[in-house]
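Have a look at the structure below, then the notes.
In this note's numbering, the protein residues as written are 780 to 1551.
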């Protein structure tokens, strides 16, 4: 650890904190003074660093160690581990990679490794893993995200880009000054806005919402959860059936069209294909007019409410906001396409405070007015393997080697995966139908993970490599999504034999003869200086001056000044669509896409449409089932620090809480605080019941993130992904559809104790020669 003339500072996806230390150990954190709304997740970084679940040495699952690759895959998650030395584990891994490459080729290595680890620019687990594997022949990769896969694929077809627009979303100050009506499909959940990928300096979402409210913007919360919009803004609550957002948008669009409230001039100049969509909307093409009454029957929002909202949207400046969660439903492409179309009909795309927006408060950076600085990233090199899968199709891949999947106009072939390597994520959090995943997870011959604690992923691995936490290494947080650059100071020595990810891969690279290519002769500190210097040069070319690294180290942080002009999404396109066309085939907004229509998919036509979901409350055989919403947690990032005090304090009867309407609880004879069993044909989980009228009848809500603790087909800790369906949104995007899920709920009988807080059995280091 270096000597500092200031208090140590660190950055994380959930915020920036000064670190308190005593005798060379971190003892607590103090929120950054420039953060008006700091996240309470931060203290968990200190509290959990040295607890009983910390992995302190390399460990290998016993039967894999004794019998070699492919032994006892069905015992993953239940078998004990044996500690080995770093020298031994490096040799084991090097030999295994060579075996798989020789016998099956590099496409048999899957390292999509989806997830969020450190906010540091250098100690990025996925980047380190992929650079290493690219040097030894490559790997099968993954594309898209669990957060918004459907939008990642559909929006570029309609607007020519998606990721770029996420970083140029209309700013909250523009909304406050110009927006009359903010219609929030999926709400504006501030708990989600605690997070920004790559680090957060100051949380702005609450201030943005409040400023707009105080300036006179009216909010409409279109969600089955009242809490999805801050209560202080007195939002109008339209508690629709889950997974019916697209139908509501079509009903609104029909009113606007039928009453002549659409902007014909905008549609003519800036869009293509409206006539084809209008034929569908009016029923000319399929015989079903998508009227307000039609939408009311699907959504259970009264027809007159739909008509009134449509008229208000056309009357003033309206922002149509769609949450990331809308993509995580069956046919999740459609709400985003319909929202863009609805905004185009109003003619307000590219105007200050109006148009369409994606994911306000889904992350802290959305709507944050900031300069875009092209910071350098750790170079990964080129992957020699061309194969990839949509990220949410990992179970399909493991189950069906040689099988095929339609994706965005292509037909992909699944590889025969023999080795899986995961660093910086947790598929037993992100993925759906965990019982099915767990069965498929037994198939690969070897699973390697980099982890710092005994979470559900580490317990389901063959080889576990203990990595450091951000408090145990130096780094720099600098992200285009945030105006703050922050040093991440090492405040403690690694626990046990933990190593940072770069050092882990350097050791394995040495065992495989590619150490020099991996490090390029640089130490970790030299790489960080290189990244900062390259970033500083790039920033200067864009007119942004960054301080020298030594000055940044002295102060601990730097803030890039915000631009004077408010950010307005698609403003340049609106100003001059001929000079600044979109990156679509037509250069315009594609309300009808000839490209998508040409794919011939039966589950994603060439224009926005209502397609009945796999599971929803309007399903003919739904009966008394409840629709489960499994949203983001408020006490952790995904499943990170689930074992911390903040997350534990939120549990009910030691389990993840589930929210239920009083009418549904009374019908089932359930009471507050009771342990209940959620179940369907895919599995079950136990949860602690909370009863509230803040949720729509017929719907329950349970946050994701509880560490998976299986007992048969059930998770006794409360992981809802034992229940969610593992199916793609459509052949176009193949995204996850966790939010289209029906369940039953009943009182639990005898309940077993939760034991995820207890580390699995680990046998001390072997002294005899390793076998296998």
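Even glycine gets a Cβ: it sits at the ideal position worked out from N, Cα and C. Note that the structure is predicted; figures quoted are calculated from it, not measured.
Looking at the unbroken alpha helix (DSSP H) that takes in residue 794, where does it start and where does it end? Mapped onto the chain shown, residue 794 falls at position 15. Segment 794–801 is the beta strand (DSSP E) holding residue 794; no alpha helix (DSSP H) there.
Since residue 810 is in the alpha helix (DSSP H), which residue starts that stretch and which ends it? Here residue 810 refers to the residue found at position 31 of the chain shown. From DSSP, residue 810 is part of no alpha helix (DSSP H) but of the beta strand (DSSP E) over 804–810.
In terms of DSSP beta bridges, what is residue 788 paired with? Translated into the one-based positions of the chain shown, residue 788 becomes position 9. According to DSSP, which records beta bridges pairwise, residue 788 is partnered with 797.
Could you tell me which of 864, 1476, 1491 and 1233 sits nearest to residue 853, measuring between CA atoms? By one-based count along the chain shown, residue 853 stands at place 74. Residue 1491 is the option with its Cα nearest to residue 853.
What's the C-alpha gap between residue 825 and residue 808? Counted from its first residue, the chain shown places residue 825 at position 46. Counted from its first residue, the chain shown places residue 808 at position 29. Near 8 Å, if we compare the C-alpha coordinates of residue 808 and residue 825.
Could you compute how far the alpha carbon of residue 937 sits from the alpha carbon of residue 1116? Here the question's residue 937 lines up with position 158 in the chain shown. Here the question's residue 1116 lines up with position 337 in the chain shown. Each residue's Cα considered, the two are about 7 Å apart.
Measuring straight from C-alpha to C-alpha, what distance separates residue 1527 and residue 1461? Here residue 1527 refers to the residue found at position 748 of the chain shown. Here residue 1461 refers to the residue found at position 682 of the chain shown. Between residue 1527 and residue 1461, the C-alpha separation is close to 17 Å.
Rounded straight-line distance, which links the Cα of residue 1383 to that of residue 1033: Along the chain shown, one-based indexing puts residue 1033 at 254. Along the chain shown, one-based indexing puts residue 1383 at 604. Between the C-alpha atoms of residue 1033 and residue 1383 there is a straight-line separation of about 20 Å.
So, does the stretch 1246–1257 touch the stretch 955–967, judging by three or more C-beta pairs under 8 Å? No, the stretch 1246–1257 does not touch the stretch 955–967.
The beta strand (DSSP E) that contains residue 861, what's its start and end? Along the chain shown, read from residue 1 onward, the residue named residue 861 stands at position 82. Counting along the chain, the unbroken beta strand (DSSP E) around residue 861 starts and ends at 860–862.
Are the stretch 1385–1398 and the stretch 783–800 touching by the rule of at least three beta carbon pairs closer than 8 Å? The stretch 1385–1398 vs the stretch 783–800: no contact.
Going by the CB atoms, is the gap between residue 1256 and residue 1265 shorter than 8 Å? Mapped onto the chain shown, residue 1265 falls at position 486. Mapped onto the chain shown, residue 1256 falls at position 477. Taking 8 Å as the Cβ cut-off, residue 1265 and residue 1256 qualify as a contacting pair.
In this structure, how does DSSP classify residue 1136 when only helix, strand and coil are distinguished? Counted from its first residue, the chain shown places residue 1136 at position 357. Strand at residue 1136.
Tell me, please, whether the stretch 1474–1482 touches the stretch 1430–1445 by the rule of three or more beta-carbon pairs shorter than 8 Å. The stretch 1474–1482 is in contact with the stretch 1430–1445.
Taking the alpha-carbon of residue 1057 as reference, which of 1147, 925, 1036 and 873 has the nearest alpha-carbon? Working through the chain shown from its first residue, we reach residue 1057 at position 278. Per the C-alpha coordinates, the member of 1147, 925, 1036 and 873 positioned closest to residue 1057 is 1036.
Please confirm whether residue 1177 and residue 1164 have their CB atoms less than 8 Å apart. Numbered from 1 along the chain shown, position 398 holds the residue referred to as residue 1177. Numbered from 1 along the chain shown, position 385 holds the residue referred to as residue 1164. Their beta carbons are not under 8 Å apart, which means residue 1177 does not touch residue 1164 by this criterion.
For residue 945 and residue 984, I'd like the C-alpha separation in whole angstroms. Your numbering for residue 945 matches position 166 in the chain shown. Your numbering for residue 984 matches position 205 in the chain shown. If I take the Cα positions, the gap works out to 15 Å.
If you check the beta carbons only, do residue 1244 and residue 1500 fall under 8 Å apart? Reading the chain shown from its first residue, position 465 is the one you call residue 1244. Reading the chain shown from its first residue, position 721 is the one you call residue 1500. No, they are not a contact pair.
Do you know how far the Cα of residue 835 is from the Cα of residue 864? One-based indexing of the chain shown puts residue 864 at position 85. One-based indexing of the chain shown puts residue 835 at position 56. Cα to Cα, residue 864 sits roughly 11 Å from residue 835.
Can we say the stretch 1057–1070 touches the stretch 1104–1118, given the rule of at least three CB pairs closer than 8 Å? Result no; under three Cβ-Cβ pairs closer than 8 Å.
Would you kindly check if the distance between the Cβ of residue 892 and the Cβ of residue 1202 is under 8 Å? Residue numbering aside, residue 1202 sits at position 423 when the chain shown is read from its first letter. Residue numbering aside, residue 892 sits at position 113 when the chain shown is read from its first letter. Closer than 8 Å, so yes.
Coarse secondary structure for residue 1357, derived from DSSP in three states: Counting from one through the chain shown, the residue named residue 1357 turns up at place 578. Coil.
Nearest to residue 1040 by alpha carbon, out of 1428, 1121 and 1027? Position 261 of the chain shown, counted from the first residue, corresponds to residue 1040. Of 1428, 1121 and 1027, the smallest CA-CA separation from residue 1040 is found for 1121.
Spatial neighbours of residue 1471 within its chain, please: C-beta separation below 8 Å, excluding the five flanking residues on both sides. Taking the first residue of the chain shown as position 1, residue 1471 is located at position 692. So the list reads 1438, 1439, 1440 and 1441, once near-sequence residues are dropped.
Taking just the CA atoms, how far does residue 1108 sit from residue 1458? The residue given as residue 1458 occupies position 679 in the chain shown. The residue given as residue 1108 occupies position 329 in the chain shown. Between residue 1458 and residue 1108, the alpha-carbon positions lie close to 19 Å from each other.
Coarse secondary structure for residue 1090, derived from DSSP in three states: Locating residue 1090 in the chain shown gives position 311, counting from the first residue. Taken through DSSP and simplified to helix, strand or coil, residue 1090 comes out as helix.
Inter-residue spacing [alpha-carbon to alpha-carbon] between residue 1386 and residue 1133: Residue numbering aside, residue 1386 sits at position 607 when the chain shown is read from its first letter. Residue numbering aside, residue 1133 sits at position 354 when the chain shown is read from its first letter. One Cα belongs to residue 1386, the other to residue 1133, and the distance between them is close to 23 Å.
Can you tell me which of the three DSSP states residue 948 falls into? The count along the chain shown starts at 1 and reaches residue 948 at position 169. Looking at residue 948 - three-state DSSP - the assignment turns out to be coil, as it is neither helix nor strand.
In whole angstroms, give me the CA-to-CA distance for residue 1374 and residue 992. Taking the first residue of the chain shown as position 1, residue 1374 is located at position 595. Taking the first residue of the chain shown as position 1, residue 992 is located at position 213. Cα to Cα, residue 1374 sits roughly 41 Å from residue 992.
In whole angstroms, what is the alpha-carbon distance linking residue 1390 and residue 1012? Sequence index remark: in the chain shown, residue 1390 carries index 611 (1-based). Sequence index remark: in the chain shown, residue 1012 carries index 233 (1-based). For residue 1390 and residue 1012, the distance between alpha carbons rounds to 33 Å.
Are any of the Cβ atoms in chain B nearer than 8 Å to that of residue 1344? Protein chain content of the structure displayed is limited to a single chain, and chain B is not contained in it.
Contact check, residue 923 vs residue 1170, beta carbons under 8 Å: In the chain shown, counting from the first residue as 1, residue 923 sits at position 144. In the chain shown, counting from the first residue as 1, residue 1170 sits at position 391. A distance below 8 Å separates the beta carbons of residue 923 and residue 1170.
One question on the structure: do residue 1418 and residue 1486 come within less than 8 Å of each other, judged by their Cβ atoms? As a first step, residue 1418 is located in the chain shown; it is residue number 639 there, counting from the start. As a first step, residue 1486 is located in the chain shown; it is residue number 707 there, counting from the start. The Cβ-Cβ distance between residue 1418 and residue 1486 falls below 8 Å.
Evaluate the contact criterion for the stretch 900–912 versus the stretch 1181–1188: three or more CB pairs, one atom per stretch, below 8 Å. Judged by Cβ distances under 8 Å, the stretch 900–912 makes no contact with the stretch 1181–1188, as fewer than three pairs qualify.
With a CB to CB cut of under 7 Å and the five nearest residues on each side skipped, what residues in its chain are close to residue 1432? Working through the chain shown from its first residue, we reach residue 1432 at position 653. Spatial neighbours of residue 1432 in its own chain (CB-CB distance under 7 Å, excluding positions within 5 residues in sequence) are listed in chain order as 1452, 1454 and 1467.
What residues are listed by DSSP as bridge partners for residue 1462? Counted from its first residue, the chain shown places residue 1462 at position 683. Answer by DSSP bridge pairing, in chain order: 1459.
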